[in-house]
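Engineer: Here you go, one structure.
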Amino acid sequence: MDFFFVDYRDPIAGLIVLVALVFVVALSHYFYRLFANKDERQKLEDFVKKFEIDSSQQTLLKGFDISTLLFLASVFAKSAEFQKASEIYIMALEKTKNKEQREKIFLDLARLYFKAGFLERSKDSLMQSLSIRARNKEALKLLKMIYIRLKLYDEVLQILESLAELNEDSKEEMDFIKLLKRHESLALKTEQDFSTLKLNNASKRFLYEKYGLYKEQDLINIIDLLYFKKEVIDDENFKEFFYANSLKALPKDYEFKDKNFKMLYIIKNANFKARMDFSYLCTSCKSYTPLFFYHCPFCYEFSKCTIMYEVKSEED
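Numbering (my numbering), first residue to last: 814 to 1129.
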């Protein structure tokens, strides 16, 4: 053991030992990087081999630089030319050695496959992206959506735990996923099963939509469901909506507070045909969709859906 305490030996001998140790560490690091890079190249080659690409235009495209290839791929993706876009993305992957650029290409390719409905391909691309940088929130959120589509709720919960470690507020979403998991396993049968759940607005809407079970909530959260079901709920806050749809008798001299409800009531009582029309706004990315969503189909955020409604004439 005294050999390692160079204070008691010739300084030159100690310096030689120190240099030798530095050399061994540097050499070990060199061989580690050599094999790591080889392994990374092999993984990329294996990924590319999974998706055979058309070789008809490869010669032309190989002459383009990375930025041009990525621009072309984005144009084809926006035009829903998914096959051409994916081929160009894969060519760009083979061409670049920059890790940050490769991470972004994998993520763009995953979005493309997700939009085209190829969930397994999208998952493979995301795994490649996350292998480069595991703390990529965008990749984790998209992977979460894939697992939700595949109904792999345990994997979804694992991703939400990872996002929570990255300072994402995922508590309510975890409660909702646990509800979905129990729903899929048919574990919700009795009133007692429902009483054990932690409920937020999304969970309350889901219970009313799937089970007809009303839990106290705001009208705007289930107004479209109430409209199509034509069901009267014993909640004083909903009375104006029921008056407008003639589901409850309007009291004498009643003054509507909501102009849409007032318009609907007046038009219907004038013997004209009218209906309520609904659209759905994501408060996170400001996108509109014609269908309600628990997770935004564009930015994948949870419980950001606001229901917009207006009165439209059916006379035409």
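Where is the CB? At the ideal position from N, CA and C, for every residue including glycine.
1. Kindly provide the ranges of any alpha helix (DSSP H) runs that are 4 or more residues long and lie completely inside the region 992-1077, ordered along the chain.
2. Just to confirm my understanding: we take Lys954, look at its own chain, exclude 5 residues before and 5 after, and list those with CB closer than 7 Å. What are they?
3. Pick helix, strand or coil for Ala1083, following the three-state DSSP scheme.
4. Do Tyr1122 and Phe1115 count as a contact pair if the criterion is CB distance below 8 Å?
5. So the beta strand (DSSP E) Thr881 belongs to, where does it begin and stop?
6. Below 8 Å on the Cβ atoms is my guess for Gln1030 versus Lys1017; work out the distance and round it to an integer in Å.
7. In or out: Ala886 buried (at least 16 other Cβ within 10 Å) or exposed?
8. Compute the distance between the beta-carbons of Ala1015 and Asp1006, then report whether it is under 8 Å.
9. Need the endpoints of the alpha helix (DSSP H) that Tyr1122 sits in, please.
10. Report all residues from its chain with a CB closer than 8 Å to the CB of Arg962; omit the five preceding and five following residues, and keep chain order.
11. Measure from the alpha carbon of Ala952 to the alpha carbon of each residue in Asn1034, Leu965, Leu925 and Tyr1056, then state which is nearest.
12. Label Asp967 either buried or exposed according to how many other C-beta atoms from any shown protein chain fall within 10 Å of its C-beta, with 16 as the threshold for buried.
13. Who are Phe1091's beta bridge partners in DSSP?
14. Is Leu922 closer than 8 Å to Tyr902 when the C-beta atoms are compared?
15. Would you mind stating whether Lys1125 and Arg1088 have Cβ atoms separated by less than 8 Å?
16. Tell me whether Ala833 is buried or exposed, calling it buried when 16 or more other Cβ atoms sit within 10 Å of its Cβ.
17. Starting from Asp982 and walking both ways along the alpha helix (DSSP H), at which residues does that stretch end?
Structural biologist: Answer, in terms of the structure:
1. 1004-1008, 1014-1024, 1032-1042 and 1052-1057
2. Tyr1113
3. coil
4. no
5. From DSSP, Thr881 is part of no beta strand (DSSP E) but of the alpha helix (DSSP H) over Ile879 to Lys891.
6. 5 Å
7. buried
8. no
9. First-last for Tyr1122: Cys1118 to Ser1126, but that is the beta strand (DSSP E), not the alpha helix (DSSP H).
10. Leu932
11. Leu925
12. exposed
13. Tyr1122
14. yes
15. yes
16. exposed
17. Per DSSP, Asp982 belongs to no alpha helix (DSSP H) and is neither H nor E.
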